[in-house]
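Protein chains in written order, with the numbering used here: chain A, 1483 to 1817; chain B, 1483 to 1817.
Even for Gly, the Cβ is constructed at its ideal location relative to N, Cα and C.
First up is the structure itself, then whatever we jot down about it.
There are 2 protein chains.
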Amino acid sequence: MATIYQVSELAGVSLATVSRVMNNNVRVSEATRNKVLQAMEQLGYRPNSIAQSLASSRSNSIGILVSELHGPFYGEMLTGIEAEFRAAGKHVIIAAGHSERATEEDGIDFLRSRNCDALILHVEAVSDQFLVDLSKKETPFVLLNRQVPALADRCISLDNELGGYLAARHLLQQGHRHIGYIAGPMWKADARDRFHGHQRALAEYQLTADEALFFEGDFRETGGSKGLQALLASNRPFSAIVCANDEMASGALTAARELGYEVPADFSVMGFDNVNFAYYTYPKLSTIDYPVSAMGQMAARWVLKQVYQQNSIDVQQVFNPHLIPRDSVAEAAVT
Amino acid sequence: MATIYQVSELAGVSLATVSRVMNNNVRVSEATRNKVLQAMEQLGYRPNSIAQSLASSRSNSIGILVSELHGPFYGEMLTGIEAEFRAAGKHVIIAAGHSERATEEDGIDFLRSRNCDALILHVEAVSDQFLVDLSKKETPFVLLNRQVPALADRCISLDNELGGYLAARHLLQQGHRHIGYIAGPMWKADARDRFHGHQRALAEYQLTADEALFFEGDFRETGGSKGLQALLASNRPFSAIVCANDEMASGALTAARELGYEVPADFSVMGFDNVNFAYYTYPKLSTIDYPVSAMGQMAARWVLKQVYQQNSIDVQQVFNPHLIPRDSVAEAAVT
DNA sequence: TAGTATGATGTAAGCGCTTTCATTTATAGC
DNA sequence: GCTATAAATGAAAGCGCTTACATCATACTA
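Written out as structure tokens, the structure reads:
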């Protein structure tokens, strides 16, 4: 592999000049620049990015920590992030945190030790305090899908409350008045926010959530099936249920079918997230779209702006979800 | 950030010694090692991986090029790869190739310019010749899910022929004798291989594939729905169809429902890949499992063995698919 | 025309490590 | 106690770049 030295020799200029034309920051005369470019071409020169990093103390790499690499959610996120950085000539190092505190902390450590210029973190298990402490260290980071009040300027998140509101309002507009709710783990902020939005929509119709029709699930399929069974067991009538995510909605759908109910004829089901498989369920799931790819992209832009000084970039920190009506919600039967 | 120099000073030894205890390759006396370790601890020292890379000319990074970062398939693959490398202290740089020749070549270039020690490539659009040429350059690579005869020792792939065989045999064993086939794009090797396996199974039953019941799809949902319509339009009777992947199977399922057919009562449907949503379709899709995470992991091991000389590792190059019977296939009605 | 900006280029000192080679120190054999 | 050998350590030369600073040529001012 040719080095900058050989290029400089062939072009008959100094190392510094070659470096300058590469980074085209300082002025180099047109003639010299061409000589250098030609020498590079001729030698098939490619700069050694490691050496560049060491000398300039920037690695042009961004560390990404997500909970999982598979699943319907994170892939979208990574897509948004990668595309943005790739276009900017930065590269992306990934690690998985598996929603466990130790693994997440370890992953952050791993990424930091890799000299990332910045981190994009989707973490669930580490404490706010840990993040606040981390913010005092040298490596800057953004948080995706998490709100830490003390770090508000580095958070990119969805308005979950609004999402919960939209889901409930959709049902209410279809005439439903008895609505069950299968929540996520209420220690998670997003689960709580979604439910709060739900309550707000109900309040607009002078309704309150019926406690007997509330079930706290786990954001997984089984949570949805258990939840449906619990709602059914309550013996309260309901014509619709909201699930706080699509996985649980899918579980509810399956359980409903197995118990002999038909959705949406017997009752409607709303999901949340609009993950890819929501389209493949039967009936196709009405849900709330989570613009995860756009949010990933925005996190990347945050980094480009804050860390690489691309000041012209605008950053949006809060995203709005929106309704995706499909087939799992129907009008309430007139009673 | 503390440097190796400060550690050496505090420990009262030379730079070289500190480096030795870090890499614990050469012998260092127990006493000295402890002094150094303690100094590191005290300073909170973390080696600068960039400097290490420059000096040792290995970056401990592996470039991964996949077609997409989202979708049900690649996430699994990345999970397998990342876990393996993380445990080995290597890190993973990712890029997306979007199944386009130019983007794939560009991605490879991008990764190479990042001084990756090795590449793991899931490429579909670049030519065999391009890969053969690439193999002559310095950066080693493995190919996932692709067979290039000249590069056989660097290919990790699925026995697609066997998969096609298993799918067809399953149907045959259930008594089906008139089986439609919705293929992938036949310019893709995996699409062809799957169909060949299909033919082999038929041959064992003294049958041949009915050309009128063959449709070349695109591996996407619409391919499945169009395919089903084409089969139906042929006016040939069939009691089952094989789709060359789950996306198309899902499309076929949806189309069937919309056209008033019931699966598997009216006809059975087989998928291929066992992507995550295959579990969420209705009816749940019978399919062929593609052990994609295990294959990703194996690609990582190949790298560990071939590039990082971890010789104790065993590498398996060809993986076998297996049948996942679920609800979309039923016994053929006796006629 | 001397004096001074100004732009273009060169010089050389790092960046924080690894690694070869030389040197010192310990171990053993006699 | 002395040499032969091995083990532990140190000195120093890079790895391939960036960048502060120095230098030189040219253009402009008065």
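query	result
Residue closest to Tyr1687 of chain B, alpha-carbon to alpha-carbon, out of B:Asp1610, B:Gly1705 and B:Leu1653	B:Leu1653
Cut-off 6 Å between Cβ atoms - residues of its own chain near Arg1651 of chain A, not counting five sequence neighbours on either side	Ala1683
Beta-carbon contacts of Asp1599 of chain B that lie in its chain and below 7 Å, excluding the five residues immediately before and after	Arg1540, Ser1541, Asn1542, Ser1543, Ile1544 and Val1789
Nearest-angstrom Cα separation, counted from Phe1696 of chain B out to Ile1825 of chain B	Only positions 1483 to 1817 of chain B appear in the structure, and residue 1825 of chain B is not among them; the question remains open.
Any C-beta of chain A under 9 Å from that of Val1574 of chain B	yes
Ranges of the alpha helix (DSSP H) found wholly within the stretch 1561–1599 of chain B, counting only runs of at least 4	1583–1595
Contact set for Glu1587 of chain B: own chain, Cβ-Cβ below 8 Å, skip 5 residues either direction	Val1608 and Phe1612
Beta bridge counterpart(s) of His1804 of chain A as assigned by DSSP	A:Asp1771
Cβ of Arg1583 of chain B within 9 Å of any chain A Cβ	no
Where the alpha helix (DSSP H) containing Glu1818 of chain B begins and where it ends	Because chain B in this structure spans residues 1483 to 1817, residue 1818 of chain B falls outside the shown range and cannot be described.
Proximity of Ile1590 of chain A and Val1605 of chain A at Cβ, strictly below 9 Å	yes
Coarse secondary structure for Phe1697 of chain B, derived from DSSP in three states	strand
Interface flag, Ser1732 of chain A vs chain B, CB-CB below 9 Å	yes
Close Cβ partners of Thr1690 of chain A (< 8 Å) along its chain, the five nearest in sequence each way excluded	Gln1681 and Leu1684
Rounded straight-line distance, which links the Cα of Glu1566 of chain A to that of Ala1782 of chain A	6 Å
Neighbour flag for Ile1664 of chain B against chain A, beta carbons, 9 Å	no
For Met1752 of chain A and Thr1561 of chain A, the rounded distance between their alpha carbons	26 Å
Through-space distance from Met1668 of chain A to Val1745 of chain A, alpha-carbon basis	27 Å
Min CB distance His1604 of chain A to chain B below 9 Å	no
Top-ranked residue by Cα proximity to Glu1564 of chain A, from A:Ser1581, A:Pro1554 and A:Ile1546	A:Ile1546
Within 9 Å, strictly: CB atoms of Thr1769 of chain A and Ala1814 of chain A	no
Under the three-state DSSP convention, the category Phe1623 of chain A falls into	strand
Any C-beta of chain B under 9 Å from that of Met1483 of chain A	yes
C-beta atoms of Leu1603 of chain A and Val1624 of chain A nearer than 9 Å	yes
Cβ contact check for the stretch 1514–1525 of chain B and the stretch 1521–1531 of chain A: 3 or more pairs under 8 Å	no
Cβ-based contacts, 9 Å cut-off: residues of the stretch 1791–1814 of chain B near chain A	none
Strand pairing of Met1668 of chain A, partner residues [DSSP]	Note: Met1668 of chain A sits in no beta bridge, so no partner.
Under 9 Å between C-beta atoms of Asp1675 of chain B and Asn1642 of chain B	yes
Contact list for Arg1596 of chain A against chain B, beta-carbon separation under 7 Å	Ser1531 and His1573
Close Cβ partners of Asn1597 of chain A (< 6 Å) along its chain, the five nearest in sequence each way excluded	Ser1541
Which listed residue (B:Tyr1487, B:Pro1803 and B:Asp1809) has its alpha carbon closest to that of Gly1646 of chain B	B:Pro1803
Supposed close pair Tyr1663 of chain B, Phe1759 of chain A - CB separation, criterion 8 Å	So it is not a contact: roughly 25 Å between Cβ atoms.
C-beta neighbour in chain A for Phe1592 of chain B, strict 9 Å	yes
Residues that Ser1541 of chain B contacts on chain A, provided the C-beta gap is smaller than 7 Å	Ile1532
Residue nearest to Glu1693 of chain B in terms of C-alpha spacing, selected from B:Phe1677, B:Leu1633 and B:Thr1621	B:Phe1677
Within chain A, partners of Ser1535 of chain B - CB distance below 7 Å	Ile1532
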